[in-house]
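Notes to accompany the following structure.
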Amino acid sequence: MANLIPLFESHDRFLELNHNNLSQEQPVVISYLESFPGDLCALDGYRAVRSFLRSYEGNSATFNSYRTHVERLLLWTLLVCKKPLLEMTRQDGERFMEFCIKPPADWIGPVVKSRYQRAGGRTAKPTDTYTINPVWRPFFLTVKKPDLKLAKEQNKEPEVKPYKIKQDSIAQIFAVCGSFFQWAADEGLSNNANPIRAIKQKSKYKQRVVADEKAKSLTALQWTFVLETAKLMAHQAAVESQEAQAAAKANKVELDDESKKAHKAKLRRLENKLKVCERTLFIIATIYSMYLRVSDLVGRDNWEPMMSDFRKDDHGNWWFHVIGKGNKSAKISVKDEYMNVWMARYRRFLNLTSTPSPDDTAPLLHSIKGRAGLSEGHIRSLVQEVFDYALERMRAEGFPDDDIKNLRSASLHWLRHTSATADAKVRDHKDLQADLRHQSLATTVDTYYNSRDEERHRSNKNLSIEDR
Numbered sequence: 005m006a007n008l009i010p011l012f013e014s015h016d017r018f019l020e021l022n023h024n025n026l027s028q029e030q031p032v033v034i035s036y037l038e039s040f041p042g043d044l045c046a047l048d049g050y051r052a053v054r055s056f057l058r059s060y061e062g063n064s065a066t067f068n069s070y071r072t073h074v075e076r077l078l079l080w081t082l083l084v085c086k087k088p089l090l091e092m093t094r095q096d097g098e099r100f101m102e103f104c105i106k107p108p109a110d111w112i113g114p115v116v117k118s119r120y121q122r123a124g125g126r127t128a129k130p131t132d133t134y135t136i137n138p139v140w141r142p143f144f145l146t147v148k149k150p151d152l153k154l155a156k157e158q159n160k161e162p163e164v165k166p167y168k169i170k171q172d173s174i175a176q177i178f179a180v181c182g183s184f185f186q187w188a189a190d191e192g193l194s195n196n197a198n199p200i201r202a203i204k205q206k207s208k209y210k211q212r213v214v215a216d217e218k219a220k221s222l223t224a225l226q227w228t229f230v231l232e233t234a235k236l237m238a239h240q241a242a243v244e245s246q247e248a249q250a251a252a253k254a255n256k257v258e259l260d261d262e263s264k265k266a267h268k269a270k271l272r273r274l275e276n277k278l279k280v281c282e283r284t285l286f287i288i289a290t291i292y293s294m295y296l297r298v299s300d301l302v303g304r305d306n307w308e309p310m311m312s313d314f315r316k317d318d319h320g321n322w323w324f325h326v327i328g329k330g331n332k333s334a335k336i337s338v339k340d341e342y343m344n345v346w347m348a349r350y351r352r353f354l355n356l357t358s359t360p361s362p363d364d365t366a367p368l369l370h371s372i373k374g375r376a377g378l379s380e381g382h383i384r385s386l387v388q389e390v391f392d393y394a395l396e397r398m399r400a401e402g403f404p405d406d407d408i409k410n411l412r413s414a415s416l417h418w419l420r421h422t423s424a425t426a427d428a429k430v431r432d433h434k435d436l437q438a439d440l441r442h443q444s445l446a447t448t449v450d451t452y453y454n455s456r457d458e459e460r461h462r463s464n465k466n467l468s469i470e471d472r
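Position one of the sequence shown corresponds to residue 5 (the numbering used here), numbered consecutively onward.
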């Protein structure tokens, strides 16, 4: 079995490193790299990869993606290729691609949340020590979301299928590792040709996959259940809160001190539950109404979504101003219904005016304790809870599995596709492109307007192989 350890830690820990030397690296990493023969230049390769990753430390998601691929590359050169990283050739690049497509079993493990395990109290301290997570591997097995959901419904363990690399992962290997060697050349660290970009038959590894965004959309029935479920959850939470408040008032005189404390704690829990449900309904309505990405609600390093980002122009039209992918500013047209119903409802719940003013300093979203902003993971989990409950309701009402099965696969991003698919029937393609913020009109047209498949099938549907 290969002696494998994670060479790089979490994004947060990476930011704490001293990039002038190796003084703040995990000692086990330095010892590991020093254990390789000197002619492999393991420490030099590590420094190069670390410096490359530093260029992408501004965004945790990008950092994590790049770390995955260049870390695999460095480990492969040390353990398999047995050659210095910066001396790779085109032939080595091809061998690495073949390795990534079919890695050996001892390089594959389960999905793990942490590469290193911290030994210490609940709150992290500089004096805490870290040990390698023994189940970490460079490649990991995943179980598809619908398979997980179905296994849970059937109260059994999901089937874990053999490792198979995804096509988009192959594209990422070419992009990330190719970028690394280009960076190394630009930095004067290597005079060799880029071993990844020199691969001549990239089509040998890549397959052109035609995206089917309709497969990532909810049906009209499913969307109706999702929205109704979010509204139902908010309604049920409101009823529970009101009933608890009424009971507390009725029993106010009779309760002893301990019972009063218990009632107050219960009231707080129910009030917080109501806040969560109203906020979740607002999130779902907001994403769907404007085809938003989750980053449009989370914000970026240079932008935090505020209520004042909703602005009305001289014609009385509302626009949502965002900083999107690539830090590009944009404005998205806002439906009247959204402002009059969903925005107004949520703001009234927060004891604000029905619509925001230009000087409104309230954050678009905030935690139950009042902290501005929510993390991407938090928002996704809130939406997923609604999807799960909607699925449960559809099953309870006896809908056939064909009507509900893709709800098991649904993610937050599906709301964007579902809404755009529905609105494409009534909106001009250029207007929809602008609000989706697609760089290319062809992307919008091919995804939401291309009806050639339907025409193609109609031309063949009723033909017979007899009596020709």
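Glycine included, C-beta positions come from ideal geometry on N, C-alpha and C.
Note that this is a predicted model, so its numbers are computed, not measured.
From residue i to residue j, what does the alpha carbon distance come to, in whole angstroms?
| i | j | result |
| --- | --- | --- |
| A424 | Y452 | 7 Å |
| A266 | S413 | 40 Å |
| M310 | K117 | 32 Å |
| V33 | S385 | 34 Å |
| N195 | L301 | 44 Å |
| G192 | L90 | 11 Å |
| E98 | S312 | 52 Å |
| W323 | S64 | 29 Å |
| A250 | A269 | 15 Å |
| V53 | F184 | 8 Å |
| R273 | S245 | 9 Å |
| S463 | V449 | 22 Å |
| L225 | Q437 | 25 Å |
| D16 | Y60 | 13 Å |
| V213 | L356 | Low per-residue confidence applies at V213: pLDDT is 48, beneath 50, and the placement is therefore not dependable enough to give any value. |
| W140 | L152 | 21 Å |
| Q158 | G381 | 26 Å |
| G113 | M101 | 19 Å |
| M343 | F314 | 9 Å |
What is the residue span of the beta strand (DSSP E) that residue i lies within?
| i | result |
| --- | --- |
| Q121 | 120-123 |
| A175 | No beta strand (DSSP E) contains A175, which is instead part of the alpha helix (DSSP H) from 171-190. |
| I112 | 112-114 |
Taking only three categories from DSSP, how would you classify residue i?
| i | result |
| --- | --- |
| T357 | coil |
| G377 | coil |
| V257 | A caution first: V257 carries a pLDDT of 47, below 50, which makes its placement in the model unreliable, though a value can still be read off. The answer is coil: DSSP assigns V257 none of H, G, I, E or B. |
| I34 | helix |
| R141 | coil |
| K86 | coil |
| R3 | Look at the range of the chain in this structure, 5 to 472, and you will see that residue 3 is not part of it. |
| H45 | Strictly speaking, residue 45 in this sequence is Cys, with His absent from that position. DSSP places C45 in coil when its eight states are reduced to three. |
| E13 | coil |
| A238 | helix |
| E275 | helix |
| S463 | helix |
| G1 | This structure cannot speak to residue 1, because the chain is shown only from 5 to 472. |
Following the continuous alpha helix (DSSP H) through residue i, name the residue where it begins and the one where it ends.
| i | result |
| --- | --- |
| I327 | Counting along the chain, I327 falls outside any alpha helix (DSSP H), though it belongs to the beta strand (DSSP E) covering 322-327. |
| G425 | According to the sequence as given, residue 425 is Thr; it is not Gly. Residues 417-427. |
| I105 | 94-105 |
| K316 | Segment 314-316 is the beta strand (DSSP E) holding K316; no alpha helix (DSSP H) there. |
| P150 | 149-157 |
| I408 | 405-408 |
| L8 | Per DSSP, L8 belongs to no alpha helix (DSSP H) and is neither H nor E. |
If residue i sits next to residue j, beta carbons under 8 Å apart, how far is it from one beta carbon to the other, in whole angstroms?
| i | j | result |
| --- | --- | --- |
| P142 | E75 | 7 Å |
| A242 | L278 | 6 Å |
| C104 | I177 | 6 Å |
| T365 | A348 | In fact, because the Cβ distance is near 19 Å, the residues do not count as touching under 8 Å. |
| I287 | V387 | 7 Å |
| P199 | K409 | Rounded, the Cβ-Cβ distance is 44 Å, inconsistent with contact. |
| T146 | V115 | 6 Å |
In the DSSP assignment, what are the bridge partners of residue i?
| i | result |
| --- | --- |
| H370 | A376 |
| K335 | H325 |
| R399 | The partner list for R399 (beta bridge, DSSP) is empty, contrary to what the question assumes. |
| T135 | Q121 |
| M310 | P367 |
| R304 | W307 |
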